[in-house]
Amino acid sequence: MKSVERVEESLAKIRSIDHDGYKLNSVIALSEDAIEHAKFLEKNNRDLPLQGLPILIKDNIEVQGLPATAGSLALVNTPVQKDSTIAQRLREAGAVIIGATNLSEWANIRSTKSTSGWSAVGGLTANPWIHGHSAGGSSSGSGAAVAAGLTQWAIGSETDGSIVCPASLNGCVGIKPTVGAIPRDGMIPISESQDSPGPMSQTVEQAALLLDVLTSKDEY
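Note that the numbering used here has the sequence shown beginning at 7, numbered continuously upward.
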């Protein structure tokens, strides 16, 4: 399948399953540039590790052309000035960032009584297997979207359980890397000693590939 076909398929699934139909509610925003980026990759075909693969990224990590609100209304109109290193590396590896995923607002640091998977911006993420069950958090949208097959690849973040818990509850692979293994610039912080972005995917092999693309010394 070509880059444009892959991206169009993922966007169609998001519209039919996430926004309508089942109403998974895992994706907060879609990139307006995704199709054009996929066309560019097709035209300039290169042997890149993530060539033309559509990927979603948690809404607390900066990506140009997408919001980075952490699910909070307080940040809705805050412009993203530049890509985080994570976004840069994904693009350099040939990935097409197609959207931002819902999450537990402020990555669940908002309150000890906050609801996993709910944000003021995105509402409540559903579990793809049983709608009324929890999708976990705080990387709820990333886990639910991957498990539902909207895309095979997503980026989450974890301070304490925020990748591995939604991976477990939704039925996908999630890796919480060693702190500092993946650069954290452009990610809304909670704890410098614990925060870590990481891959979420349908298979261990896919997660390992994402990890390989993203890892390097953290200058944060």
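C-beta atoms are modelled at their ideal positions from N, C-alpha and C, and glycine is treated no differently.
So, helix, strand or coil for Glu164, using DSSP?
strand
Look at Ala106 and Pro73 and say whether their C-beta atoms are less than 7 angstroms apart.
yes
Could you tell me the distance, in whole angstroms, from the CA atom of His137 to the CA atom of Ala126?
19 angstroms
Going by DSSP in three states, Thr91 sits in which element: helix, strand or coil?
helix
Measure the Cβ-Cβ separation of Ala160 and Val152 and say whether it is below 7 angstroms.
yes
Please state if the CB of Asp201 and the CB of Thr91 are separated by a distance shorter than 7 angstroms.
no
Member of His25, Gln57 and Leu30 whose CA lies at the smallest distance from the CA of Arg12:
Gln57
Output yes or no for whether 7 angstroms exceeds the beta carbon distance between Thr131 and Ala141.
yes
If Asn114 and Asn31 are in contact, beta carbons under 8 angstroms, what's the gap, nearest whole angstrom?
Not quite, the Cβ-Cβ distance comes to about 17 angstroms (not below 8 angstroms), so this is no contact.
Buried or exposed: where does Thr165 fall if 16 or more other Cβ atoms within 10 Å of its Cβ makes it buried?
buried
Considering Cα atoms alone, identify which of Trp135, Thr209 and Arg21 is closest to Ser37.
Arg21
Measure the Cβ-Cβ separation of Val69 and Ala93 and say whether it is below 7 angstroms.
yes
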